[in-house]
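Here's the structure we're looking at; comments come further down.
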Amino acid sequence: MRGVVVFLILFQSTLLSQTLLLDDFSYPAGEPLTSHGWSAHTSAGTNPILVTPTGLVYSGHPGSGTGNAASLTGTGEDVHRTFTGQSNKTLYVSFLISVQGATTGAADKYFLHLNSTSHTGKVSVRKSSGSIAFGLERGSEGAVFTEAVYSLNTVYLIVLRYDHVLGNDNDAVSLYVFEAGIPSQEPVVATLGPITATGTEPSAITALALRQADSEATDLVIDAIRVSTSWAEAGLPVELAWFRARAMGSMVELTWRTESEAGNWGFEVEKKSVSMEYEAGSREKGRIDETTKGRIDETTNQRHHSPFTVYHLPWTTIAFVPGSGTSSSPREYSFVDTNIPPGYYAYRLKQIDYDGTVAYSEEIETIVAGDGESADVRCYPNPFNGIVNFEMTIADYGIVTLTVYDLLGRDAAAILNENRPPGRHLVQWDTGYAPSGIYYYVVEMGTRRAVGKLVLVK
1 MRGVVVFLIL FQSTLLSQTL LLDDFSYPAG EPLTSHGWSA HTSAGTNPIL VTPTGLVYSG
61 HPGSGTGNAA SLTGTGEDVH RTFTGQSNKT LYVSFLISVQ GATTGAADKY FLHLNSTSHT
121 GKVSVRKSSG SIAFGLERGS EGAVFTEAVY SLNTVYLIVL RYDHVLGNDN DAVSLYVFEA
181 GIPSQEPVVA TLGPITATGT EPSAITALAL RQADSEATDL VIDAIRVSTS WAEAGLPVEL
241 AWFRARAMGS MVELTWRTES EAGNWGFEVE KKSVSMEYEA GSREKGRIDE TTKGRIDETT
301 NQRHHSPFTV YHLPWTTIAF VPGSGTSSSP REYSFVDTNI PPGYYAYRLK QIDYDGTVAY
361 SEEIETIVAG DGESADVRCY PNPFNGIVNF EMTIADYGIV TLTVYDLLGR DAAAILNENR
421 PPGRHLVQWD TGYAPSGIYY YVVEMGTRRA VGKLVLVK
């Protein structure tokens, strides 16, 4: 597995906490947010905040790559979205952000805040020496900034914590900035704060707002907004400690462990065949991946003059494993996939919450080499006229040889002798002027060996 997999599990309500707002901007690109549940409270219609195509990507986040995003550029319309008012509570606002440009000043140039009037919980950004810093202020006391250690054009996860306490001079704000990963519990030390301020404070928190107040250089994209009364429901994770695959002959054992769970109904286990490598000069019918810059003709069986890869993309659900609901202790799970043809496979977990919210693990890949010590080779068509295909499943990186002999034991063709990575590979023998007759092929992959008969008919 490439790194630690993190699940972001969301659920709408429990006895102790609730999700107040969730927006992945799954709206048509180019449309204003005011057409989708947001209301303008300043400069309505002037440089409106628009939906921008392609959502931001942050590994492990449920909103990563989901829907689109919102683009804030320069100065103009400010918008807000309301939720059930909260007083005397702690709120968490999480969102993904990528900053393309920022001013060097940033005095009162905050881009996100709570409430549409009497702004509070203000988050800002400024640029310094090519890097950026994030700022935070509770009211109007002036922003406190992080060090300028963050980068332009990079996706960050930001969590704003707002502690609302009845009365004045007692609310506090904190900010967490994450470059990668998502802690399962709120860190003890925030990136900024807690910050307090004197003066009148709002009687309740009722809205989240996006603000365009910098006519100089601010240019940023926001995505995956969550507002909740708990760290977990703000889009922060139940952590999957590990997810592993172990091939055993024609079986694959999948195991995984969660450190904690919240509202977890269960896991769908999904599987797909990964890829097939083709040699230069191959003939293959069907559509190929767009990275090959074209399409294989389904009727003319055209020859391709450079190597290419066909990717078999569809995922198939092969099992469901019940979850543990809500648990604060580690849980371990397993599933065995059986009777698998030799090949190169990928697996992932689709975690499903009780309210239908889903999150995907990262993919893990494994080779199924089949039972026994023989190399897995499929030869077709056979008998053949002109060209024959050798489809091989390679379990480990190493030297692979493929040689064809005639009935007298003489080399008819040394087709392959090179290092090959694990996976499914297709190699072809174009017999050219070789005469009709019976031939034998020998494939060697480390300790594995395969021998077969070929019948060439011209």
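Going by this note's numbering, 169 is the number at position 169 of the sequence shown; the sequence numbering is gapless.
All C-beta atoms, glycine included, are put in the ideal place defined by N, C-alpha and C.
How would you call residue i, buried or exposed, if buried means at least 16 neighbouring beta carbons within 10 angstroms?
i      : result
Ile318 : exposed
Gln212 : buried
Gln185 : exposed
Pro202 : buried
Leu114 : buried
Tyr92  : buried
Ser260 : buried
Arg410 : exposed
Leu240 : buried
Val227 : buried
Ser64  : buried
Pro330 : exposed
Ala414 : exposed
Asn417 : exposed
Ser129 : exposed
Leu175 : buried
Ser94  : buried
Note the first and the last residue of the continuous beta strand (DSSP E) segment covering residue i.
i      : result
Lys122 : 120–128
Trp429 : 423–430
Glu147 : That residue, Glu147, is in no beta strand (DSSP E); it is neither H nor E in DSSP.
Lys453 : 448–456
Gln351 : 343–353
Phe390 : 387–394
Ile438 : 437–445
Ala434 : Careful: Ala434 lies outside any beta strand (DSSP E) and carries neither H nor E.
Ile132 : 131–137
Val177 : 172–178
Ser203 : Per DSSP, Ser203 belongs to no beta strand (DSSP E) and is neither H nor E.
Ile97  : 90–101
Leu114 : 110–114
Asp169 : From DSSP, Asp169 is part of no beta strand (DSSP E); its letter is neither H nor E.
Reducing DSSP to helix, strand and coil, say where residue i ends up.
i      : result
Ala247 : strand
Ala44  : coil
Ser361 : coil
Ser35  : helix
Ala232 : helix
Gln212 : coil
Phe335 : strand
Gly409 : coil
Tyr27  : coil
Ile225 : strand
Ala241 : strand
Gln185 : coil
Thr19  : strand
Thr191 : coil
Pro322 : strand
Ala69  : strand
Lys285 : In this prediction, Lys285 scores a pLDDT of 38, lower than 50, which makes its location untrustworthy; no coordinate-derived value is stated.
Glu141 : coil
Gly398 : strand
Would residue i and residue j qualify as a contact pair, given that the criterion is a beta-carbon distance under 8 Å?
i      : j      : result
Val221 : Leu56  : yes
Pro48  : Asn68  : no
Leu20  : Thr117 : no
Asn382 : Leu426 : no
Leu210 : Leu72  : yes
Gly323 : Gly266 : yes
Tyr150 : Ser131 : yes
Asn419 : Gly446 : no
Tyr333 : Trp242 : no
Pro422 : Asp396 : yes
Trp525 : Val368 : Nothing about residue 525 can be read from this structure; the chain reaches only from 1 to 458.
Tyr345 : Glu365 : yes
Arg126 : Thr104 : yes
Ala234 : Val159 : yes
Leu192 : Thr146 : yes
Val252 : Asp337 : yes
Tyr156 : Phe178 : yes
Under 7 Å: does the beta carbon of residue i sit that close to some heavy atom of the ligand SAH?
i      : result
Ser151 : Summarising the ligand content, the structure contains no ligands, and the ligand SAH is consequently not present.
For residue i, I'd like the list of residues in its chain whose CB is within less than 7 Å of its CB, leaving aside the five on either flank, ordered along the chain.
i      : result
Asn153 : Ser98, Gln100
Phe335 : Leu254, Val269, Ala319, Val321
Asn339 : Ser250
Lys458 : Asn385, Ser436
Less than 6 Å between C-beta atoms, sequence neighbours within five positions excluded: which residues of the same chain meet that for residue i?
i      : result
Gly76  : Ser43, Thr46, Asn47, Gln212
Val442 : Thr403, Val451
Lys122 : Tyr110, His113, Glu137
Among residues of its own chain, excluding the 5 on either side of residue i, which ones have a beta-carbon nearer than 8 Å to its beta-carbon?
i      : result
Ala70  : Phe25, Leu33, Ile49, Leu50, Val51, Thr52, Leu210, Val221, Ile222, Asp223
Ala204 : Gly85, Gln86, Ser87, His164
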